[in-house]
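Chains as they are written, first to last, in the numbering used here: chain A, 28 to 537; chain B, 28 to 537.
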């Protein structure tokens with residue numbers, strides 16, 4: 028067995044079922060090995076950022092890593108921004124990168140680069156299988172390492188000669204450690220009892236069931252339950268308990284936290300501003316409040332909440348009554364009107380892949396009363412996450428409808444995603460918010476004190492001149508699309524397209 | 028003056044005239060500073076790989092660096108593959124990356140990453156302007172460093188607080204060292220006289236005038252003059268001397284070099300295979316041949332050739348007679364037919380930005396007898412270079428027609444380029460070779476000994492199902508386009524579109 032077969036078959040043994048790929052010459056033996064391994068389904072992406080973002084979305088929905096197949100240093104670099112987002116989501120991913128043959132690297136051929144140095148800042152784990160015999164064991168190690176806890180990006184480099192040489196062998200899957208349990212629960216419980224306004228900021232599995240039910244008990248016991256602005260995944264809508272989400276803008280978070288004298292964290296860390304602004308604080312825990320931590324992303328926040336609820340003898344929280352649906356919106360299309368349509372028509376148990384930037388500020392609260400769904404947030408701030416993430420979610424949860432909400436600027440970053448959706452007939456409805464502007468930057472220009480935009484600045488913030496035609500864009504990639512400019516049209520088209528299987532796109536001119 | 032103004036104004040003093048930008052919140056003060064600096068023209072790119080590839084093309088045509096404006100680690104990562112290509116072209120680029128405020132970084136907000144570690148493998152020079160007072164002097168240093176020699180990627184990181192704080196000051200441009208002169212000319216001249224079959228492999232300024240004229244003299248003196256497979260830029264066509272280009276496939280290079288007993292290099296290094304293949308050599312200098320070097324990319328290869336020609340008392344080479352134009356092609360469209368059309372209709376003094384992968388194997392020899400033009404090669408093997416490079420060439424040489432030759436797989440990597448071309452009304456004609464295949468990989472699968480493609484492998488090499496619609500793709504971005512499937516139609520449409528100003532695209536279904 029050659030090294031490539033040993034690597035691919037070991038991954039299959041461990042449980043890898045999906046490969047998002049954009050291979051090159053140095054990965055040809057891996058491609059041939061995938062041909063021989065029916066347990067792993069390979070999907071071609073026309074840009075590596077699609078493959079890595081898809082691996083993130085897949086991991087968020089399944090809890091398991093997909094593998095990506097990337098071509099040398101540049102292939103990794105093209106996919107790295109979405110691996111940055113995956114890292115911030117603590118999503119397990121396995122990234123297999125072909126490198127030059129070991130004896131070829133020192134010759135510094137055109138595609139040579141220091142891949143190990145390039146991946147290190149984004150890696151939870153990295154290693155090189157320099158010989159065929161290493162490929163199996165290191166594949167098993169990569170699988171386990173990706174799952175942490177917490178989950179992270181594992182990188183396994185396979186030089187071409189290790190891929191094509193004989194001497195590989197299948198390795199056994201390693202035992203996987205579970206999430207850690209916090210040790211300071213009694214201290215925290217005592218502090219809650221003593222506090223005037225205790226609050227707990229949660230992320231991780233506290234944001235899906237049964238974590239939310241435990242969180243609801245703490246809420247019933249008088250604890251303000253908050254969630255991170257950008258979590259990996261949150262179950263919401265329907266009768267699910269909704270923690271209070273920390274706002275994106277730091278000054279609003281400070282307001283939200285006013286009066287809190289105890290801030291506990293579980294599955295996350297204490298809140299900091301997304302960016303620094305002149306004369307404003309970067310750390311957002313209220314001054315004078317006591318900080319306690321039940322652990323970061325390496326712990327099960329759901330288990331911590333459950334134990335804490337028991338200790339506090341917290342009552343069960345009464346189920347929230349189902350929210351009434353808003354009326355059909357009308358008039359010119361706005362993010363608010365889109366929010367009303369989503370609240371009306373989100374199908375039960377759908378998945379939202381959110382890359383909607385400014386529109387999202389409105390959409391998230393507007394959909395609190397929608398049918399039950401999972402919301403996948405943009406975790407790392409690198410736009411271009413929504414379309415790829417929706418691919419991974421659709422592959423990982425094929426029986427569920429996925430809805431990608433994307434700003435036009437964000438969607439352009441990984442627009443090649445549309446082709447993979449068409450090819451794989453993935454059940455995704457895309458809404459592109461065509462405001463023809465990096466609108467968030469118009470806001471940030473003022474907030475950073477940089478002043479108002481003159482002509483040169485405006486040319487760098489506007490996406491107009493020419494306006495992108497999202498209907499032609501989608502059709503060019505094989506995806507059916509419509510454009511809407513009125514709220515009533517958007518409401519009708521969204522309801523129509525979301526009821527159909529396969530990928531479709533609505534350009535929402537807002 | 029704040030740090031951002033000091034940085035931008037110092038760049039303008041040094042001679043920077045162009046900024047290819049995709050800014051974010053941490054670059055807002057730089058955007059405002061660009062608003063106040065009329066000497067630098069800013070152009071928005073909808074993906075960072077477009078900005079960096081454009082900077083490469085600009086540098087190749089002007090010899091001067093453009094600046095790019097990138098948003099934190101992810102913005103850099105999105106642009107890094109084309110910086111890899113720029114590095115292999117020894118093209119000077121200045122990349123300004125905004126970072127979090129110095130006091131904000133340790134909080135590890137979502138967009139934080141170790142930017143210094145990430146840029147290092149691609150950097151000729153990197154520094155952080157941690158205070159406003161550093162911004163001017165470090166900008167002047169970045170400008171000089173980018174020019175080398177050899178040229179390279181300079182990275183200047185500007186934390187947000189250094190950008191917005193007062194205390195910046197304009198810095199004076201630094202003195203720029205010229206290219207080095209080789210010291211071993213006499214040894215080399217003696218070796219040439221003693222050799223049976225001397226050859227010289229050149230890159231750099233030997234491939235533009237007057238370097239080519241000096242190269243022709245060496246040819247006339249009996250030296251086999253070769254050029255690198257992928258040089259940054261070559262002047263060719265018309266009456267220009269054409270060195271013999273080393274073929275892409277290693278076994279063909281070995282054939283080309285057969286019998287060579289002395290291999291001199293000037294402006295480059297001794298030839299190595301692009302990839303390793305089982306059982307084949309990676310170093311391509313013939314066994315037993317003497318190797319001598321007149322210096323790598325840090326020397327002026329043109330000056331070295333001139334001095335060598337003088338020492339050898341080489342005669343002037345007679346001008347080559349103008350090649351006769353091929354007849355109008357007909358029948359189904361093929362790369363060969365496209366080559367004939369290019370030979371017939373390339374406008375005098377145009378620029379070719381080449382990302383045509385397999386089609387390029389045919390197009391380059393086919394255009395040897397075309398009108399005089401500059402050919403910009405794909406230097407680093409990271410596809411997605413052609414469209415961005417054509418933007419930079421068009422901005423750097425606005426009076427000249429640019430022709431981008433792109434494989435469909437390659438064009439998809441940085442398809443967002445089309446929008447910047449439309450917005451800036453750049454004079455670019457694009458040919459997309461729609462073979463709906465990563466055809467090079469079909470060849471490489473066999474060459475690496477990985478066998479023939481089964482269904483899973485084939486799905487990772489084919490771009491069909493669905494076929495991309497390049498006419499809609501171009502129109503979606505605001506660029507006019509036509510599709511051609513017959514050689515006579517391509518010939519007519521190319522002649523028509525190349526005669527018109529502004530961006531246009533021809534989908535060549537081959």
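Just so you know, even glycine gets a beta-carbon here, dropped at the ideal spot from N, CA and C.
Simplified DSSP state of residue i, which is helix, strand or coil
{"i": "residue 317(A)", "result": "strand"}
{"i": "residue 537(A)", "result": "coil"}
{"i": "residue 429(A)", "result": "strand"}
{"i": "residue 298(A)", "result": "coil"}
{"i": "residue 362(A)", "result": "helix"}
{"i": "residue 418(B)", "result": "helix"}
{"i": "residue 118(A)", "result": "coil"}
{"i": "residue 46(A)", "result": "strand"}
{"i": "residue 293(A)", "result": "strand"}
{"i": "residue 489(A)", "result": "strand"}
{"i": "residue 500(A)", "result": "helix"}
{"i": "residue 84(A)", "result": "helix"}
{"i": "residue 261(B)", "result": "strand"}
Residue nearest to residue i in terms of C-alpha spacing, selected from the options
{"i": "residue 194(B)", "options": "289(B), 33(B), 232(B) and 237(B)", "result": "33(B)"}
{"i": "residue 227(A)", "options": "172(A), 294(A) and 155(A)", "result": "294(A)"}
{"i": "residue 244(B)", "options": "256(B), 259(B) and 331(B)", "result": "331(B)"}
{"i": "residue 70(A)", "options": "435(A), 422(A), 485(A) and 502(A)", "result": "422(A)"}
{"i": "residue 43(A)", "options": "537(A), 120(A) and 361(A)", "result": "120(A)"}
{"i": "residue 365(A)", "options": "460(A), 406(A), 435(A) and 532(A)", "result": "460(A)"}
{"i": "residue 282(A)", "options": "298(A), 268(A) and 269(A)", "result": "298(A)"}
{"i": "residue 318(B)", "options": "398(B), 353(B), 387(B) and 211(B)", "result": "211(B)"}
{"i": "residue 233(A)", "options": "53(A), 187(A), 336(A) and 162(A)", "result": "336(A)"}
{"i": "residue 485(B)", "options": "41(A), 51(A) and 154(A)", "result": "51(A)"}
{"i": "residue 78(B)", "options": "418(B), 65(B) and 316(B)", "result": "418(B)"}
{"i": "residue 163(B)", "options": "351(B), 288(B) and 201(B)", "result": "201(B)"}
{"i": "residue 284(B)", "options": "252(B), 324(B) and 439(B)", "result": "252(B)"}
{"i": "residue 155(A)", "options": "149(A), 123(A), 172(A) and 171(A)", "result": "123(A)"}
{"i": "residue 505(A)", "options": "513(A), 517(A), 488(A) and 530(A)", "result": "530(A)"}
{"i": "residue 537(B)", "options": "452(B), 278(B), 302(B) and 462(B)", "result": "462(B)"}
{"i": "residue 30(B)", "options": "89(B), 151(B), 116(B) and 186(B)", "result": "186(B)"}
Opposing strand residues paired with residue i [DSSP bridges]
{"i": "residue 377(A)", "result": "400(A)"}
{"i": "residue 310(A)", "result": "299(A)"}
{"i": "residue 154(A)", "result": "183(A)"}
{"i": "residue 211(B)", "result": "Beta-bridge pairing links residue 211(B) to no other residue."}
Burial state of residue i (16 or more Cβ within 10 Å)
{"i": "residue 62(A)", "result": "buried"}
{"i": "residue 534(B)", "result": "buried"}
{"i": "residue 443(A)", "result": "buried"}
{"i": "residue 2(A)", "result": "As displayed, chain A neither begins before 28 nor continues past 537, which places residue 2(A) out of reach and without an answer."}
{"i": "residue 213(B)", "result": "exposed"}
{"i": "residue 479(A)", "result": "exposed"}
{"i": "residue 133(B)", "result": "exposed"}
{"i": "residue 126(B)", "result": "buried"}
{"i": "residue 358(B)", "result": "exposed"}
{"i": "residue 499(A)", "result": "buried"}
{"i": "residue 249(A)", "result": "exposed"}
{"i": "residue 351(A)", "result": "exposed"}
Residue i at chain E interface by Cβ criterion, 8 Å
{"i": "residue 69(B)", "result": "Judged by its chain identifiers, the structure shown contains no chain E, and its protein chains are A and B."}
**Asked** Is the stretch 267 to 279 of chain A touching the stretch 94 to 111 of chain B in the sense that three or more CB pairs, one from each, lie closer than 8 Å?
**Response** no
**Asked** Between the stretch 394 to 411 of chain A and the stretch 488 to 497 of chain A, do three or more beta carbon pairs fall short of 8 Å?
**Response** no
**Prompt:** How do the stretch 259 to 269 of chain A and the stretch 290 to 304 of chain A stand: do at least 3 beta-carbon pairs fall below 8 Å, yes or no?
**Reply:** no
**Request:** State whether the stretch 335 to 348 of chain A contacts the stretch 311 to 319 of chain A, with contact taken as three or more CB pairs (one from each stretch) at a distance under 8 Å.
**Result:** no
**Prompt:** Counting Cβ pairs closer than 8 Å, one from the stretch 104 to 117 of chain B and one from the stretch 424 to 431 of chain B, do we hit at least three?
**Reply:** no
**Item:** the stretch 465 to 480 of chain B in contact with the stretch 463 to 478 of chain A per 3-pair CB rule at 8 Å
**Value:** no
**Prompt:** Would you call the stretch 360 to 380 of chain B and the stretch 521 to 531 of chain B touching, i.e. three or more CB-CB distances under 8 Å?
**Reply:** yes
**Asked** When the Cβ atoms of the stretch 444 to 460 of chain B are set against those of the stretch 136 to 153 of chain A, are three or more pairs found closer than 8 Å?
**Response** no
**Asked** Are the stretch 53 to 60 of chain B and the stretch 390 to 404 of chain B touching by the rule of at least three beta carbon pairs closer than 8 Å?
**Response** no
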